[in-house]
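The next block holds one structure in the form of structure tokens; read it before the comments.
In my numbering, the protein residues as written are 15 to 100.
What follows is the structure, given as structure tokens:
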């Protein structure tokens, strides 16, 4: 299965774009392609029935130029994400 992310919605917040979606993985992370030109904030929430020993984290220095944001998950749990940027 590897790492896969999907976009499930778009919104506007003041003068920023908001994109949100979910990821699934059987590895320890991968790239979330947000579709934004620059990502200023990224929120990650693990989901599913498994307890996460460690929180998923963004493996980048924000803001990130470009659409791809690398995340790290120490347990192979799915999750939801939200990115805010331009």
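Glycine is no exception: its CB is placed at the ideal position from the N, C-alpha and C atoms.
Cβ-Cβ distance between residue i and residue j below 8 Å
i, j, result
"residue 95", "residue 24", "no"
"residue 36", "residue 22", "yes"
"residue 41", "residue 57", "no"
"residue 107", "residue 67", "Since the displayed the chain opens at 15 and closes at 100, residue 107 lies outside it and no answer follows."
Per DSSP, cross-strand counterpart(s) of residue i
i, result
"residue 33", "24, 97"
"residue 43", "86"
"residue 60", "93"
"residue 79", "52"
"residue 16", "Partner(s): none; residue 16 has no beta bridge."
Beta-carbon contacts of residue i that lie in its chain and below 7 Å, excluding the five residues immediately before and after
i, result
"residue 53", "76, 77, 78, 83, 97, 99"
Cutoff 6 Å; reference residue i; Cβ partners in own chain excluding five residues on either side
i, result
"residue 45", "82, 84"
Alpha-carbon spacing of residue i relative to residue j, whole angstroms
i, j, result
"residue 70", "residue 38", "12 Å"
"residue 30", "residue 80", "15 Å"
"residue 92", "residue 63", "10 Å"
"residue 86", "residue 60", "12 Å"
Sequence-distant residues of its chain with Cβ nearer than 8 Å to residue i (five each side left out)
i, result
"residue 73", "43, 84, 85, 86"
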